[in-house]
Amino acid sequence: MHTPDSATATHCPYCALQCGMNLRPEPGGASVVVEERADFPVNRGALCGKGRTAPAVLSSRVRLTGPLVRTHATGRLEPATWEEALDAVAEGLARTGRAHGPDAVGVFGGGGLTNEKAYALGKFARVALRTSQIDYNGRFCMSSAAAAHQRAFGLDRGLPFPLEDIPRTGCVVLVGSNPAETMPPALRYLTELKANGGTLIVVDPRRTRTAEQADLHLAPRPGTDLALALGLLHLVVAEGRTDEEFIAGRTTGWAQARAAAMAHWPELVERITGVPVPRLREAVALFCAPSSAMVLTARGPEQQSKGTDTVGAWINLCLATGRAGRPLSGYGCLTGQGNGQGGREHGQKADQLPGYRKLADPAARAHVAGVWGVDPASLPAPGRSAYELLDALGTEVKALLLMGSNPVVSAPRAAHVEDRIRSVDFLAVADVVLSETAALADVVLPVAQWAEETGTTTNLEGRVLLRRRALTPPPGVRTDLEVLHGLAGRLGIEKGFPTDPEEVFEELRRASAGGPADYSGISYARIEAEQGVFWPCPDGSHAGTPRLFLDRFATDDGRARFAPVSHRDAAEVPDAEYPVLLTTGRVVSQYQSGAQTRRVDELNAAAPGPFVEIHPRLAARIGAVEGAPLAVVSRRGRAVAPARITDSIRADTVFMPFHWPGEGRANTLTNPALDPVSRMPEFKVCAVRVEPA
1 MHTPDSATAT HCPYCALQCG MNLRPEPGGA SVVVEERADF PVNRGALCGK
51 GRTAPAVLSS RVRLTGPLVR THATGRLEPA TWEEALDAVA EGLARTGRAH
101 GPDAVGVFGG GGLTNEKAYA LGKFARVALR TSQIDYNGRF CMSSAAAAHQ
151 RAFGLDRGLP FPLEDIPRTG CVVLVGSNPA ETMPPALRYL TELKANGGTL
201 IVVDPRRTRT AEQADLHLAP RPGTDLALAL GLLHLVVAEG RTDEEFIAGR
251 TTGWAQARAA AMAHWPELVE RITGVPVPRL REAVALFCAP SSAMVLTARG
301 PEQQSKGTDT VGAWINLCLA TGRAGRPLSG YGCLTGQGNG QGGREHGQKA
351 DQLPGYRKLA DPAARAHVAG VWGVDPASLP APGRSAYELL DALGTEVKAL
401 LLMGSNPVVS APRAAHVEDR IRSVDFLAVA DVVLSETAAL ADVVLPVAQW
451 AEETGTTTNL EGRVLLRRRA LTPPPGVRTD LEVLHGLAGR LGIEKGFPTD
501 PEEVFEELRR ASAGGPADYS GISYARIEAE QGVFWPCPDG SHAGTPRLFL
551 DRFATDDGRA RFAPVSHRDA AEVPDAEYPV LLTTGRVVSQ YQSGAQTRRV
601 DELNAAAPGP FVEIHPRLAA RIGAVEGAPL AVVSRRGRAV APARITDSIR
651 ADTVFMPFHW PGEGRANTLT NPALDPVSRM PEFKVCAVRV EPA
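Per full-length UniProt numbering, the very first residue in the sequence shown carries number 1; after that it's consecutive.
Structure below.
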């Protein structure tokens, strides 16, 4: 609790670190200032520029402060009352459902929504709208790693150990991750690792700020991480570095995985990846030398049309060397979005119910339906994944309710997605700002922000955290829970959608009880008292589970499963017309689609716009000049941004950050080819040509 003049202990609204911070009201109480919160163990007071400047988006100068409805008379978004706006949304969704059936209505959520809002949104889709067509932008985050976790370990949690274990292990292999830019407070764990005598290997086609700190940097050709992991496992076997006791006692499927890896001999892997054989041998020696080691992946290997198999190959490396299910060892995924972990645990993903239950499981349906007070048979079947849902807009899905996402900028093949969004009969968007997607809506609902509402998030460690309200939302702004309550009532559902977040969390606890992500032993009071609680936590006397798999894996037999995977090419490879590879990513001063950070003057001063990073040899070949406009063209479109010439990238590759709309929109170019298991699009690699604009 806090008084109006005291600081409120809460968490940053951006990445999955969910750094602790204190918010102290400014004189007059209209806004807050950020103070360090040294007692929170994840960031120990450290904050990046995004966290420090987060209150800037609370300003009425940059945010939405009242509902907007598009009028027939002008075709423009005009101010409206909340009653008018909610009536219009309810009628638009209901009208579509009556005319075309419930699955003609779609719901698209976001990885930044709190657990309470993600839970309520999934329930709203399946109970109030009775649609199967719900997914969220977290599908674009770590869904491939989640699928590989499930396949290998029987359970998906981004990190199966707390961040504090990283500096204490012997070696970390960081694959396709650049925390120096994406989550700077986490970089200290790698710095401490090296100070403790551990080694850091970074796998990235660019020599990033993180790679510059590595003991060994491997720069594979984009789209070849799977071959690289298989080549390393081949060398582990050939050099007699496998842990046969661990393999025999705690795993299954080794013979098939071993045979697949042995087909990827070092010289072949060098030809595929561009990484020299001596570097491969050095990596194996560093990884296997200490008694403990970790592999941490991020979007680089995951955002590929073979992302699940790629992550599976890195897990195989951990299992074969006994670097899993043991203290200070294991495989983990560095989740990106603020509540990317909790967002998929509680029901806004197409195939899941709260508690990480499977929607297709009759027992799971019965349990959740009992909590919701509905017939299990009334719950819809699993629906389309995120890109497939967006691609179906205007044809099979004719109306869309969107909360906390900006797919006009963030989705692959973004120009096509924008066309699909424009084609729907009805679009309603609930957001903090008038994003590029919200600007296309028929109704825009202005909702409260992190500092203006209470709710829980689950960070990349699986630590459930509590954000406390520090400010009253401005007049004209409501919370997402209030929006869903108002819409449900208009659709004839009078009960079941409370506006108090703690009441929603109490229901979430019951719905998750007994599921893989069991929150039933977690309460608001306990989160505050313990600086967060790690799930699974099945009852109030349970200590929570900061470290998974130390005794057994979460499979039926308790054994981890090897994945027999083999390298295959990316969906697009270079050819005469498109001879260069494009990869995309983030910069430190912007976040995701930039909908919020692009409204902060300090962040814009540091990162004012897009650019194309290009090697000097490639620049010389095409006549590119530093700072001059450069066109990047793929089979899906064209983007233009200033050239940034640097030898920190491979000569066959260019890089663009994806935070901006307009002619520099990187996702105009990216390939929506989907992983067959996770349905993750191939953001990280596509074929392009590059030419002066």
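C-beta atoms are modelled at their ideal positions from N, C-alpha and C, and glycine is treated no differently.
Helix, strand or coil at residue i according to DSSP, with G and I counted as helix
{"i": "Glu691", "result": "strand"}
{"i": "His135", "result": "It is worth fixing the name first, because residue 135 is Asp in this sequence and not His. Strand at Asp135."}
{"i": "Ser144", "result": "helix"}
{"i": "Pro4", "result": "In this prediction, Pro4 scores a pLDDT of 45, lower than 50, which makes its location untrustworthy; no coordinate-derived value is stated."}
{"i": "Val107", "result": "strand"}
{"i": "Asp431", "result": "strand"}
{"i": "Asn43", "result": "coil"}
{"i": "Thr10", "result": "strand"}
{"i": "Val685", "result": "coil"}
{"i": "Leu674", "result": "strand"}
{"i": "Asn178", "result": "coil"}
{"i": "Ala631", "result": "strand"}
{"i": "Asn316", "result": "helix"}
{"i": "Pro102", "result": "helix"}
{"i": "Thr597", "result": "helix"}
{"i": "Pro184", "result": "helix"}
{"i": "Phe153", "result": "helix"}
{"i": "Asn22", "result": "strand"}
Close Cβ partners of residue i (< 6 Å) along its chain, the five nearest in sequence each way excluded
{"i": "Val269", "result": "Ala227 and Gly231"}
{"i": "Pro516", "result": "Leu155 and Tyr356"}
{"i": "Ala619", "result": "Ile645"}
{"i": "Met1", "result": "Only weak support is given to the placement of Met1: the predicted model assigns it a pLDDT of 34, under 50, and the question is left unresolved by the model."}
{"i": "Glu36", "result": "Gly45"}
{"i": "Phe658", "result": "Thr584, Ala666 and Asn667"}
{"i": "Trp82", "result": "Pro67"}
Best match in the options for proximity to residue i [C-alpha to C-alpha]
{"i": "Met403", "options": "Cys15, Ala30 and Gly111", "result": "Gly111"}
{"i": "Leu401", "options": "His72, Ala85 and Ser31", "result": "Ala85"}
{"i": "Val688", "options": "Arg258, Ser541, Arg139 and Val580", "result": "Val580"}
{"i": "Leu379", "options": "Arg126, Leu200, Val690 and Trp82", "result": "Arg126"}
{"i": "Phe553", "options": "Met142, Val237 and Ala152", "result": "Ala152"}
{"i": "Phe287", "options": "Thr458, His264, Leu319 and Ser59", "result": "Leu319"}
{"i": "His416", "options": "Asp442, Leu389 and Asp431", "result": "Leu389"}
{"i": "Ser534", "options": "Ala399, Gly342, Asp675 and Pro672", "result": "The identity of residue 534 in the sequence shown is Phe, whereas the question assumes Ser. For the residues Ala399, Gly342, Asp675 and Pro672, the minimum Cα distance to Phe534 belongs to Gly342."}
{"i": "Ala641", "options": "Ala666, Arg621 and Arg635", "result": "Ala666"}
{"i": "Ser144", "options": "Leu674, Asp419 and Ala693", "result": "Leu674"}
{"i": "Arg326", "options": "Asp551, Pro446 and Arg258", "result": "Asp551"}
{"i": "Val275", "options": "Leu218, Thr310, Gly75 and Ala261", "result": "Leu218"}
{"i": "Phe108", "options": "Asp431, Phe611, Ala513 and Asp556", "result": "Asp431"}
{"i": "Arg679", "options": "Ala88, Asp351 and His485", "result": "Asp351"}
{"i": "Asn316", "options": "Glu503, Tyr387, Val612 and Ala260", "result": "Ala260"}
{"i": "Pro538", "options": "Gly521, Glu91 and Ile527", "result": "Gly521"}
{"i": "Gly75", "options": "Ala195, Val443 and Ile622", "result": "Val443"}
{"i": "Arg250", "options": "Glu345, Phe562 and Glu602", "result": "Phe562"}
{"i": "His542", "options": "Asp556, Tyr519 and Pro382", "result": "Tyr519"}
{"i": "Ile527", "options": "Leu548, Phe505, Gly486 and Val173", "result": "Phe505"}
Cut-off 7 Å between Cβ atoms - residues of its own chain near residue i, not counting five sequence neighbours on either side
{"i": "Glu436", "result": "Asn406, Val408, Val409 and Pro661"}
{"i": "Asn43", "result": "Leu17, Cys19, Gly20 and Pro185"}
{"i": "Thr583", "result": "Pro205, Pro222, Thr653, Phe655, Lys684 and Val685"}
{"i": "Leu575", "result": "The sequence shown places Asp at residue 575, rather than the Leu named in the question. Taken in chain order, the residues that qualify are Ala687."}
{"i": "Glu507", "result": "Val371"}
{"i": "Leu23", "result": "Ala7, Thr8, Thr10, Val32, Val34, Ala451 and Ala470"}
{"i": "Gly637", "result": "Ala415, Thr668 and Leu669"}
{"i": "Thr96", "result": "Ala104, Val105, Lys398, Ala399, Asp425 and Phe426"}
{"i": "Glu164", "result": "Pro41"}
{"i": "Pro412", "result": "Tyr387, Asn667, Thr670, Asn671, Pro672, Pro681 and Phe683"}
Close-in-space but distant-in-sequence residues of the same chain around residue i (CB under 8 Å, 5 per side omitted)
{"i": "Glu396", "result": "Asp103 and Ala104"}
{"i": "Ser329", "result": "Thr169, Ser292, Ala293, Met294, Cys318, Gly322 and Arg323"}
The ligand COA heavy atom lying under 7 Å from the CB of residue i
{"i": "Val464", "result": "What this structure holds is no ligand at all, so the ligand COA is not there to describe."}
* To do: Mind listing, in chain order, the continuous beta strand (DSSP E) runs of no fewer than 3 residues lying wholly within the segment 455-515?
  => 455-458 and 463-467
* Whole runs of the beta strand (DSSP E) within the segment 327-399, excluding any shorter than 3 residues -> 330-333
* Okay, do the segment 200-211 and the segment 631-650 touch, 3+ Cβ pairs below 8 Å being the bar? -> yes
* Could you pull out every unbroken alpha helix (DSSP H) segment of at least 4 residues lying fully inside the segment 636-662, listed in chain order? => none
* **Length at least 4, wholly inside the segment 275-314: the alpha helix (DSSP H) runs in chain order** => 277-288 and 299-302
* Asked: Does the pairing of the segment 301-318 with the segment 566-583 give three or more beta-carbon distances under 8 Å?
  -> yes
* Return the chain-ordered ranges of every alpha helix (DSSP H) run that is complete within the segment 189-263 and spans a minimum of 4 residues. => 225-238, 244-250 and 254-262
* Say whether the segment 623-631 touches the segment 369-387, bearing in mind that this needs 3 or more beta-carbon pairs closer than 8 Å, one atom from each stretch. => no
* **Validate contact between the segment 529-543 and the segment 458-472 using beta carbons, cut 8 Å, 3 pairs** => yes
* Touching or not, the segment 477-484 and the segment 112-123, by the rule of three or more beta carbon pairs under 8 Å? -> yes
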